[in-house]
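Colleague: Got a structure here, written out as structure tokens. Questions coming.
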Amino acid sequence: MKKFFEVLITVVAGLVAGYLLHGCQNQECTKDAGGAVVSDTTLTAATDTVTHLSPAVTDTTAVGTMVARLALHKGSGAGGVPLHESGNVNYDCDVASDSLTYGMSAGGEPRQWRDSAVVEVPITQVHYADSTYEAWVSGYAPALDSIKIYRHTEIMRIREYKPPNRWHIGITAGTAFTPRGFQPYIGVGVTYSLYSF
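Residue 329 is where the sequence shown starts when you use my numbering, and the numbers rise one by one after that.
Below is the structure:
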């Protein structure tokens, strides 16, 4: 009888020690002050790149004009000879030709001066938008060729741990100590779990 209790105490002590050591090796768990496992939180950052080619225009607004000096388009005469060589227009004169009346620009300069002219350029603002982006482009005949959207996403995963039930009712099998010694045993009973595997 004494030997039986020694074996029983040894087995129980081994099971308790194994349970405690297993709990220390599980580093992912977060325990409260009472030792119960609560949760494990994982935060992951990701960036998604979305490219929009030839975005659709949603609105166009005229915002005004600007004065700019632009190069003249010399083109060709009726006979295929460039205008600056045909003698119809003199681009090498120091002042505007009296025979070509272009008037004066808003800044008081002749509209035709050598190989350039002062013109008023219309400025428009174009609005692009959809459910993921919004953009404005301003200028003369503006256009948005493409746009890339960088969406930063943070994914938080929370795993909650619920301590397993220790008490169970079910079919048990093992070895029982009887007056005849240790005998195989199968039956229905109430058990308390010391270690789960």
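Heads up, the beta-carbon is just placed ideally off N, CA and C, and yes, glycines get one too.
(1) According to DSSP, is A384 helix, strand or coil?
(2) On the DSSP bridge assignment, give the partners of P492 in chain order.
(3) Would you identify the three-state DSSP class for T379, choosing helix, strand or coil?
(4) Do T379 and S474 have their C-beta atoms within less than 8 angstroms of each other?
(5) What is the DSSP secondary structure of A469, counted as helix, strand or coil?
(6) Which whole-angstrom value is the C-beta distance of T393 and V454, which I expect to be below 8 angstroms?
(7) Could you spell out the range, first to last residue, of the beta strand (DSSP E) harbouring Y513?
(8) Nearest-angstrom Cα distance between A501 and N493?
(9) When the Cα of H401 is compared with those of T506, P383, P491, A445, which residue comes out closest?
(10) Going by CA-CA distance only, name the one from T370, T369, T375, L371 that's closest to R479.
(11) Using a Cβ-Cβ cut-off of 6 angstroms (strictly less than) and excluding sequence neighbours within five positions of R487, which residues of its own chain qualify?
(12) Might you give, ordered along the chain, the residues of its own chain that have their beta carbon closer than 7 angstroms to the beta carbon of A390, omitting 5 neighbours on each side?
(13) Measuring alpha carbon to alpha carbon, tell me which residue in H496, G509, R508 is nearest Y520.
(14) Given 7 angstroms as the limit, tell me if I475 has its C-beta closer than that to any heavy atom belonging to the ligand MG.
(15) Which whole-angstrom value is the C-beta distance of T388 and Y456, which I expect to be below 8 angstroms?
(16) Tell me the DSSP secondary structure of T369 in three-state form.
Modeller: Based on what the coordinates show:
(1) coil
(2) Answer is none; P492 lacks a bridge partner.
(3) strand
(4) yes
(5) coil
(6) Contact doesn't hold; Cβ gap of about 16 angstroms is too wide.
(7) 509 to 520
(8) 20 angstroms
(9) A445
(10) T375
(11) D368
(12) P450, T452
(13) H496
(14) This structure lacks the ligand MG, and indeed carries no ligand of any kind.
(15) Not quite, the Cβ-Cβ distance comes to about 10 angstroms (not below 8 angstroms), so this is no contact.
(16) strand
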